Each structure stands twice: as structure tokens, then as C-alpha cells.
């Protein structure tokens, strides 16, 4: 399969059609789940889809070690190439890898201002024209609404799309009466797309909680296959 056809047939087109066009430039998307359910896999698949479209991606990790992030990208690319029988796979791999940068911070040791300054330096000074910024493993319990507002302002000024992943706390009551994650209730105005990953017996269901100005709380026709790490269409 040629790359153009792969992009068209990607299950992530379903996500765009199921929402108001996806997150969109200047906006923030968030993926929530319990620990170990598949947030990083989702972020990496979304990022890889953008890389196939010749977009530039900055992946910001707050993990202690980023080697596993590179492994996620390699594994997901190889699975996509195998599943879709991608033509010239290694040439495409080398081409898109040049458009990806991985950055690493420890959230307890850095301010929001410092994180944004470093990202901005990568974009402005290093001339890496990012289209998408992934912020992986971000703890919203450690920030204020104003700090997320800084990310929102940054996204709007640079016209980039920002995705966060965050782990829901262990407490049983992590949704409010409206089905919205309690940990994110103070940030609702800054979040355009919110997706929750719900573990089922043999797959992970994607549930759309917020879609720009709407709170649909609907199950998407998408799932994350934990065996192959890919988002796939969930057949009816």
C-alpha cells in the first residue's frame, strides 16, 4: 500500500469524523485512563499518523526514562507497515523519523514556563516547525488552571495542536455526576477534546467525553488493541 492510501484508510479518520474535525490547531486534547491502560500507545499512534502526513511532532515525556518512548514509535510504525503492507517501509521510516523530536522533563523540577520556553526554543531557535506537541504522563493534580491556560495560549499563538495524557487517580470516584473526570474539572474550559480509555476484557474502548463545546459522553467506534498497540475500528 502506498502512504497516501494508508493515511486515507487510517482509523484516526474515524476520530476526526466522530468529532468536530479533531482537536485542531490552537487547541488542546487530553487522553485519560487508569495506569497501564494504553495512553502512551494512543498518543504515539496519533503522532505517527501525523508523521505519515509529513507533519512535525514534538513528544514531551515526563517519564524518568525516554527509551521506551522510542520503542513505542518503532513498534507502532512496524505494526502499521506490516498490517497495511506499506511500500518502501524503511525509506518512509527514515523520512518521518527526521520529523520527530523527543524531549524529557521531570514535572517536580520544572515550571510550566520553563517547559514552554524549551519547546519554543526547539521550534524557533532549532527551526523545528512543529505541527503537533504530545505531552505524555502529565500530572494535572500538580498544576493550576492558569498553567494549563499558558499551554492553551502557546498552542493558539503558534497554531499547533497539543495532546496530553494523564493518569486518573486510584480513588474509585474519579468521575463526577456528569461523567467528567474529577481531576480535570477545573480545566474543562481549556480542553477541546477529552477521550477516556476504558479497559474491557480483550481490548480498550475509546469514549468521547468532551467535543469542543459539547459534552456528548459517547462511545466511539474505535478501540485500542493491546496486543498490537494500535487504535482500530470497532466493528458493530
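Residue numbers (our numbering): 1159 to 1394. C-beta: ideal position from N, C-alpha, C; glycine also. Every value quoted in this text rests on a predicted model; they were computed, and no experiment measured them.
Which partner residues of residue 1362 appear in the DSSP bridge assignment? 1357, 1382
Stretch pair the region 1205 to 1224 + the region 1180 to 1189: three plus CB contacts closer than 8 Å: Contact fails: fewer than three Cβ-Cβ distances are below 8 Å.
Considering only the alpha carbon of each residue, which of 1172, 1305, 1229, 1159 lies closest to residue 1240? Checking every option, the nearest Cα to that of residue 1240 belongs to 1159.
Own chain partners of residue 1323 with C-beta closer than 6 Å, once the 5 adjacent residues on each side are dropped: 1189, 1197, 1201, 1294
Rounded to the nearest angstrom, how far is the Cβ of residue 1170 from that of residue 1389, given a contact under 8 Å? 7 Å
Which residue marks the beginning of the beta strand (DSSP E) containing residue 1217, and which one marks its end? 1215 to 1219
How many Å lie between residue 1289 and residue 1305 at the Cα? 21 Å
With burial defined as no fewer than 16 other Cβ atoms inside 10 Å of the residue's Cβ, what is the status of residue 1292: buried or exposed? buried
With distances taken between CB atoms, is the gap from residue 1172 to residue 1391 smaller than 8 Å? yes
Exposure of residue 1350, with buried meaning 16 or more beta-carbon neighbours within 10 Å: buried
Taking only runs that begin and end inside the region 1178 to 1253, name each unbroken alpha helix (DSSP H) of 4 or more residues, in chain order. 1197 to 1210, 1225 to 1241
Alpha carbon of residue 1238 to alpha carbon of residue 1310, nearest angstrom: Linking residue 1238 to residue 1310 through their CA atoms gives a straight-line distance of about 31 Å.
Tell me whether residue 1336 sits in a helix, a strand or coil according to DSSP, three-state version. coil
Measuring straight from C-alpha to C-alpha, what distance separates residue 1325 and residue 1280? 27 Å
Within 10 angstroms of its Cβ, does residue 1252 collect 16 or more other Cβ (buried), or is it exposed? exposed
Mind checking whether residue 1366 and residue 1382 have CB atoms under 8 Å apart? At the C-beta level, residue 1366 and residue 1382 stay beyond 8 Å of one another.
Using 10 angstroms around the beta-carbon of residue 1167, count the other beta-carbons present and answer buried if the total reaches 16, otherwise exposed. The residue in question, residue 1167, is exposed, as its Cβ has fewer than 16 Cβ neighbours within 10 Å.
I'd like the ranges of any alpha helix (DSSP H) spanning at least 4 consecutive residues and lying wholly in the region 1269 to 1347. 1270 to 1282, 1303 to 1316
For residue 1334, which residues from the same chain have a beta carbon less than 6 Å from its beta carbon, with the 5 sequence-adjacent residues on both sides left out? 1340
Residue 1374 versus residue 1176: straight-line alpha-carbon distance, rounded: 11 Å
In the DSSP assignment, the alpha helix (DSSP H) including residue 1165 goes from what residue to what residue? 1161 to 1167 is the span of the alpha helix (DSSP H), which, as asked, contains residue 1165.
Please report the residue range of the beta strand (DSSP E) in which residue 1260 lies. 1258 to 1262
Selection from 1296, 1328, 1303, 1380 that minimises the alpha carbon distance to residue 1222: 1296
Whole-angstrom distance between residue 1245 and residue 1271, CA atom to CA atom: When rounded, the distance between both Cα atoms is 43 Å.
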